[in-house]
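Numbered per the numbering used here, the sequence shown spans residues 150 to 321.
Where a beta carbon is used, it is the ideal one built from N, C-alpha and C, also for glycine.
Below: the structure, in structure tokens.
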Amino acid sequence: QYLTDGIWRFDLTILNKSLGTAALFLVALSMFLTGVAFFSRGSSRPLAYRKYYGLAGFWTALVHGLVNHFGLPAAGLHAERKLDALLSDGPGLAALVLFGVMAALSNAAAKGRLGGEIWRKTLRYGGYAALALALAHTALLKGASWGKFFRTFDPVLPSLSLPAAVFAAAAV
């Protein structure tokens with residue numbers, strides 16, 4: 150159920166946490182590019198990649214949720230079961246649903262039905278709301294770990310979720 154290199158033990162829980170962190174970073178990058186394009190009024194080049202980062206983030210988040218709730222129990226492993234972890238399921242699910250709606254609306258047909266301006270605003274504000282919910286999900290799960298890091302600086306480097314969360318907060 151796990152691989153080891155003599156120092157580190159890698160199992161499905163590490164993969165699941167990596168999927169969650171990657172999803173947060175990809176969606177934050179998508180929304181960050183939205184802000185850059187909105188405020189720069191210059192090149193629209195960042196907008197060309199925004200959709201794909203967002204879709205990759207959504208699918209990564211979906212796999213994270215499936216691994217967390219189905220893959221880990223099937224492998225005899227358990228996701229974090231602290232109260233913070235259980236409370237974080239609500240914002241995580243709400244973010245995933247919003248990102249799913251955004252993925253469904255991220256095509257030309259939806260843009261034609263809604264009209265360009267409403268379509269853009271729906272994706273922009275829905276994305277920021279979903280990113281804030283994803284950030285809340287992450288903070289509820291990892292807040293104690295982040296606090297311990299800042300109090301003791303043990304381990305030497307923080308969890309990768311911390312810089313991803315800081316980036317997500319900056320994007321919001």
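Asked, Found
"Among Ala285, Leu235, Pro307, the one whose alpha carbon lies nearest that of Trp295", "Pro307"
"Within 9 Å, strictly: CB atoms of Ala177 and Ala278", "no"
"Collapsed DSSP secondary structure at Asp238 in the structure displayed", "helix"
"Nearest-angstrom Cβ-Cβ length linking Val216 and Leu282, presumed shorter than 8 Å", "About 19 Å separates the two Cβ atoms, so there is no contact after all."
"Cβ neighbour criterion (16 or more within 10 Å) applied to Ser189", "exposed"
"Proximity winner among Leu164, Ala171, Thr162, Asp160, relative to Pro312 (alpha-carbon distances)", "Ala171"
"Sub-9 Å separation of Phe298 and Gly276 beta-carbons", "no"
"Proximity test, Trp208 beta-carbon vs the ligand SAH heavy atom, cut-off 8 Å", "Judged by which ligands are present, the structure shown has none, so any question about the ligand SAH falls away."
"CA nearest to the CA of Lys291, picked from Met180, Asp160, Lys166", "Lys166"
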